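Participant: If you're matching them up, the sequences are chains A and B in order. Using this note's numbering, you'd call the opening residue of the first sequence number 1178 and step up by one each time. Using this note's numbering, you'd call the opening residue of the second sequence number 2 and step up by one each time. We treat Cβ as the ideally placed atom computed from N, Cα and C, and that holds for glycine. From a predicted model like this one, the values you see are computed outputs, not experimental measurements. Please read through the structure below; I'll follow up with questions.
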Amino acid sequence: MKSLTLIACKEFSDRFRSGWVVACVLVWLGAICLTSIFGLVQIGRIGVQGYDRTVVSLLSLVQYLVPLLALLLGHDLIVSEREERTLALLVASGVSRARVLCAKFAGGVLSLAFPLLLGFIIAGTVIALATRDREINSFLWLAGSGLVLGIVFLGIGLAISVLCRTRVQSLVAALLTWCFAVFAFDLIALGMLVSLRSPVAAHEIDVLCDPTHVNTVADLHAAYDAPVGERDGATVAKRAAALSWILANPIDLFRAVNLSKQMPTHVPPWVIAGTVGAWLVFALGLSWWRFRRVDL
Amino acid sequence: MSAYLHFNSIHKRYGRVNAVDGIDLAIARGSIVAVLGPNGAGKSTLFGCLLGMLQPTRGQVLFNGAPITDAQRRGFGYVAERVALYMHRSVADNAEFFAKIKGHTADDARRQLERVGLAPYLDRKARQLSKGLLQRLGLAIALIGAPELLILDEPFNGLDPALLDQLHAILKEEHARGATLLISTHTMSAIEPLATHVAIVLDGKLATFGTLDELRRIHGEQSLEKIYHRIAKSRGSVAVQNDKAVPPINGHAYEAEGRATLSSARRATHSNIETGVDAQRRGEDTAALPAQLVHDERK
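Have a look at this one:
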């Protein structure tokens, strides 16, 4: 346990010294404050908005930025030390490979969580002071779900880092993964569902696969969700279809979870836990499967 | 009674290349074993299997009769051929980190740094150290916690005479304390005064193993270098040029000119060996091949 803590702390300390942590704090602070101040500029309003408005404006930014930062952080967790051969020295010093992997992941989580949460805390305080808004739940939910989204993508980044032989390969793979998750997945989903010629599917595409029209999505969801007690077989099928897309991409889960706070829709907790758990198990399991037999 | 350290029929393949081909080697506690062989012979691969950095394709390393564990490796010290450390961190940081990883204190680390003469450089970043100082740092880290087994991969490469003397003295002290030493090297003049046992590894196989006195008696030679060449030549595995074995000192025996990496050197070795064999088959004068590595067919 001591070696795990030591390696995780070293990982965080290295990121701190390199300026990564400070840069991320500034990115988050700037992103949240600017989004809050300029979020309604299209309708001619400038100024700090309340939490709910800030969350709606911030949603797209978080879903793009958090996976990108997490993948950039995760992609060299293993491969860089493998290239420099310090990983070999760690293993030769009697640290088990499982511990090395866990410690690296834990260090990555620390390096991701610290700036993200600090940015949210400072920006949240600024918003509270400027607007006297006390309805902070949606903002906290965004911060929490954003962190979970980051952790899932950090796990994916770790798997990439274990699977690749060089830093360059790993960086390219991380960027391709980000492009796929954020852009290509939606297009592929769109293509598949349109080819099915299903009106239900087309609706789901609008709801889950278009990250840029958050307010439209809100309207769609409001129209979509039948009141409790009026749910027939078709409604259940629609919801099942939506949930299946959520399971396929953690970004869709994040989007749906945060939209559910803005409108009368609901993502069951078991879907949230199941999807996050499944992605983490997949990413960490794949990492472990490869790392335990890789030559250092 | 089981051996202290037993490489039990270790095989390691990289694709189609047999880096280590069934090495079986039992080492007694308290011995100083010199592992000799040209570049690409499989010495570092063997050490990698011992230290858990490489997974043997077949076979296992036994320590006191049982498969070696990570906890036992914490009691080992290892100096890599190319010392790899956290270059952005200071000398003291590096040593303290690895001391704590092995369950020792920062004071233990400081003591070893002083012992190898790094006390004036504690705050200097590892990347600012010369090669010699970096090797001292690697050695200091390996010595932390009085390891019972010290594994040194090419420790004499690039050392100036003063540092070589200091390394000799430290290794003798460690041996006197009861540590077992496993040292791979090309520099036979440096290992000869230290080694109690010699293992010669050629083409991934163990060519011979015994005490230095046994090998001297069997081969009728006093010098370790001559014994090495005799064995290597008789096995048809040594680089031969103008009917003379090319000394492996400095590691160029199997390395094609201008090729630096291990994998390219290995590829070059195989390519050159094949070229030499083909030339022999055609009855050509193999000595005429420029820096050619000629190899007898063993099958």
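Out of curiosity, what's the CA-to-CA distance linking B:K103 and B:S45?
Facilitator: Along the second sequence, read from residue 1 onward, the residue named residue 103 of chain B stands at position 102. Along the second sequence, read from residue 1 onward, the residue named residue 45 of chain B stands at position 44. Using only the alpha carbons, I get a separation of about 22 Å.
Participant: Would you mind sorting B:N40 into buried or exposed? The rule is 16 or more other CB atoms within 10 Å of its CB.
Facilitator: Here the question's residue 40 of chain B lines up with position 39 in the second sequence. Buried, because 16 or more other Cβ atoms sit within 10 Å of the Cβ of B:N40.
Participant: Mind checking if A:K1281 is an interface residue toward chain B, Cβ cutoff 8 Å exclusive?
Facilitator: As a position in the first sequence, residue 1281 of chain A is number 104, starting the count at 1. No, A:K1281 does not count as interfacial toward chain B.
Participant: Which ranges would you report for the alpha helix (DSSP H) in the region 1186-1219 of chain A if only whole runs of at least 4 residues count?
Facilitator: List check, alpha helix (DSSP H) in window: 1197-1215.
Participant: How would you write the range of the beta strand (DSSP E) that B:R14 sits in, first residue to last?
Facilitator: Within the second sequence, residue 14 of chain B is the residue found at index 13, counting from 1. From DSSP, the beta strand (DSSP E) with B:R14 extends over L6 to Y15.
Participant: Given a cut-off of 8 Å, decide if A:V1286 and A:V1277 are closer than it, judged by their beta-carbon atoms.
Facilitator: By one-based count along the first sequence, residue 1277 of chain A stands at place 100. By one-based count along the first sequence, residue 1286 of chain A stands at place 109. Against a cut-off of 8 Å, the Cβ pair of A:V1286 and A:V1277 comes out as no contact.
Participant: Using the C-alpha atoms, what's the distance from B:T188 back to A:R1192?
Facilitator: Taking the first residue of the first sequence as 1, we reach residue 1192 of chain A at position 15. Taking the first residue of the second sequence as 1, we reach residue 188 of chain B at position 187. Each residue's alpha carbon lies about 41 Å from the other.
Participant: Measure the alpha-carbon distance for A:G1332 versus B:P162 and round it to whole angstroms.
Facilitator: Numbered from 1 along the first sequence, position 155 holds the residue referred to as residue 1332 of chain A. Numbered from 1 along the second sequence, position 161 holds the residue referred to as residue 162 of chain B. C-alpha separation (whole angstroms): 49 Å.
Participant: Give the straight-line distance between the Cα atoms of B:P156 and B:R74, rounded to the nearest whole angstrom.
Facilitator: In the second sequence, residue 156 of chain B corresponds to position 155, counting from 1. In the second sequence, residue 74 of chain B corresponds to position 73, counting from 1. Near 20 Å, if we compare the C-alpha coordinates of B:R74 and B:P156.
Participant: Which chain A residues are close to B:Q56, counting only those with a beta carbon under 9 Å from its beta carbon?
Facilitator: The residue labelled residue 56 of chain B in the question sits at position 55 within the second sequence. The answer, in chain order, is R1469, R1470, V1471 and D1472.
Participant: Find the residues of chain A that neighbour B:F8, judging by a C-beta separation of less than 8 Å, and give them in chain order.
Facilitator: Taking the second sequence and counting its residues from 1, one reaches residue 8 of chain B at position 7. Neighbours of B:F8 on chain A: none; closest Cβ ~16 Å, over 8 Å.
Participant: Does the CB of B:D71 have a neighbour CB from chain A at under 8 Å?
Facilitator: Residue mapping note: residue 71 of chain B aligns to position 70 of the second sequence, counting from 1. Yes, B:D71 lies at the interface with chain A (some Cβ there is under 8 Å from its Cβ).
Participant: Name the one or two DSSP bridge partners that B:F64 has.
Facilitator: To locate residue 64 of chain B, count along the second sequence from 1; it is residue 63. Paired residues: B:L6 and B:A67.
Participant: Cα separation between B:V117 and A:A1455?
Facilitator: As a working mapping, residue 117 of chain B is identified with position 116 in the second sequence. As a working mapping, residue 1455 of chain A is identified with position 278 in the first sequence. In a straight line, the C-alpha of B:V117 is about 51 Å away from that of A:A1455.
Participant: By DSSP, does B:L55 sit in helix, in strand, or in coil?
Facilitator: Stepping through the second sequence from its first residue, residue 55 of chain B is reached at position 54. B:L55: coil per DSSP, three-state reduction.
Participant: Just to confirm the assignment, what range does the alpha helix (DSSP H) spanning A:F1357 have?
Facilitator: Taking the first residue of the first sequence as 1, we reach residue 1357 of chain A at position 180. Here A:F1357 belongs to no alpha helix (DSSP H), and DSSP marks it neither H nor E.
Participant: Express the C-alpha separation of B:F8 and B:G49 in angstroms, rounding to a whole number.
Facilitator: Counting from one through the second sequence, the residue named residue 49 of chain B turns up at place 48. Counting from one through the second sequence, the residue named residue 8 of chain B turns up at place 7. If you take the alpha carbons of B:G49 and B:F8, they lie about 12 Å apart.
Participant: Starting from A:V1243, trace the alpha helix (DSSP H) both ways and give me its first and last residue.
Facilitator: For the purposes of this step, residue 1243 of chain A is taken as the residue at position 66 of the first sequence. Looking at the DSSP string, the run of the alpha helix (DSSP H) that includes A:V1243 is Y1228 to G1251.
Participant: Would the region 17-27 of chain B and the region 198-205 of chain B be scored as touching if the rule is three or more Cβ pairs under 8 Å?
Facilitator: Output reads yes: the region 198-205 of chain B touches the region 17-27 of chain B.
Participant: Between the region 1292-1301 of chain A and the region 1202-1214 of chain A, can you find at least three pairs of beta-carbon atoms closer than 8 Å?
Facilitator: As far as the Cβ criterion goes, the region 1202-1214 of chain A touches the region 1292-1301 of chain A, which means the pair count is three or higher.
Participant: With a cut-off of 8 Å on the beta carbons, I'd call A:L1249 and A:A1358 a contact; round off their distance for me.
Facilitator: If you number the first sequence from 1, residue 1249 of chain A lands on position 72. If you number the first sequence from 1, residue 1358 of chain A lands on position 181. The Cβ separation is near 14 Å, so there is no contact.
Participant: Would you tell me roughly how many angstroms separate the C-alpha atoms of A:S1237 and B:G133, rounded to the nearest one?
Facilitator: Sequence index remark: in the first sequence, residue 1237 of chain A carries index 60 (1-based). Sequence index remark: in the second sequence, residue 133 of chain B carries index 132 (1-based). When rounded, the distance between both Cα atoms is 53 Å.
Participant: In whole angstroms, what is the alpha-carbon distance linking A:A1399 and A:I1449?
Facilitator: In the first sequence, residue 1399 of chain A corresponds to position 222, counting from 1. In the first sequence, residue 1449 of chain A corresponds to position 272, counting from 1. For A:A1399, the predicted model reports a pLDDT of 40, less than 50, meaning its position is unreliable and no value from the coordinates is stated.
Participant: Residue ranges of each alpha helix (DSSP H) run of no fewer than 4 residues wholly in the region 93-125 of chain B, ordered along the chain?
Facilitator: Listed in chain order, the complete alpha helix (DSSP H) runs (minimum 4 residues) inside the region 93-125 of chain B are 107-116.
Participant: Consult DSSP for B:D204 and reduce its assignment to one of helix, strand or coil.
Facilitator: Here residue 204 of chain B refers to the residue found at position 203 of the second sequence. DSSP places B:D204 in coil when its eight states are reduced to three.
Participant: From the DSSP output, which residues share a beta bridge with B:H220?
Facilitator: Along the second sequence, read from residue 1 onward, the residue named residue 220 of chain B stands at position 219. DSSP lists no partner for B:H220.
Participant: On the DSSP bridge assignment, give the partners of B:L1 in chain order.
Facilitator: Given a span of 2 to 300 for chain B in the structure shown, any question on residue 1 of chain B remains unanswerable.
Participant: At a Cβ cut of 8 Å, what residues of the region 78-103 of chain B count as close to chain A, listed as they run along the chain?
Facilitator: Under the 8 Å Cβ criterion, the region 78-103 of chain B contributes Y79, A81, R83, A85, L86, Y87, M88, H89, F98, F99, K101, I102 and K103.
Participant: Taking 8 Å as the threshold (C-beta atoms), are A:R1344 and A:E1260 in contact?
Facilitator: In the first sequence, residue 1260 of chain A corresponds to position 83, counting from 1. In the first sequence, residue 1344 of chain A corresponds to position 167, counting from 1. Cβ atoms of A:E1260 and A:R1344: closer than 8 Å.
Participant: Put B:F157 into one of helix, strand or coil per three-state DSSP.
Facilitator: The residue given as residue 157 of chain B occupies position 156 in the second sequence. DSSP places B:F157 in coil when its eight states are reduced to three.
Participant: Helix, strand or coil: which one does DSSP assign to B:H187?
Facilitator: To locate residue 187 of chain B, count along the second sequence from 1; it is residue 186. Coil.
Participant: Using only the alpha-carbon positions, how far apart do A:A1247 and A:W1355 sit?
Facilitator: As a position in the first sequence, residue 1247 of chain A is number 70, starting the count at 1. As a position in the first sequence, residue 1355 of chain A is number 178, starting the count at 1. Cα to Cα, A:A1247 sits roughly 10 Å from A:W1355.
Participant: Give the straight-line distance between the Cα atoms of B:I28 and B:Y5, rounded to the nearest whole angstrom.
Facilitator: In the second sequence, residue 28 of chain B corresponds to position 27, counting from 1. In the second sequence, residue 5 of chain B corresponds to position 4, counting from 1. Cα to Cα, B:I28 sits roughly 6 Å from B:Y5.
Participant: Alpha carbon to alpha carbon, how far is B:L130 from A:S1195? Give it in angstroms, no decimals.
Facilitator: Taking the first residue of the first sequence as 1, we reach residue 1195 of chain A at position 18. Taking the first residue of the second sequence as 1, we reach residue 130 of chain B at position 129. Each residue's Cα considered, the two are about 20 Å apart.
Participant: Give the DSSP-derived three-state secondary structure of B:A20 in the structure shown.
Facilitator: One-based indexing of the second sequence puts residue 20 of chain B at position 19. B:A20 falls in the strand class under three-state DSSP.
Participant: According to DSSP, simplified to helix, strand and coil, what is B:T209?
Facilitator: Residue numbering aside, residue 209 of chain B sits at position 208 when the second sequence is read from its first letter. DSSP places B:T209 in strand when its eight states are reduced to three.
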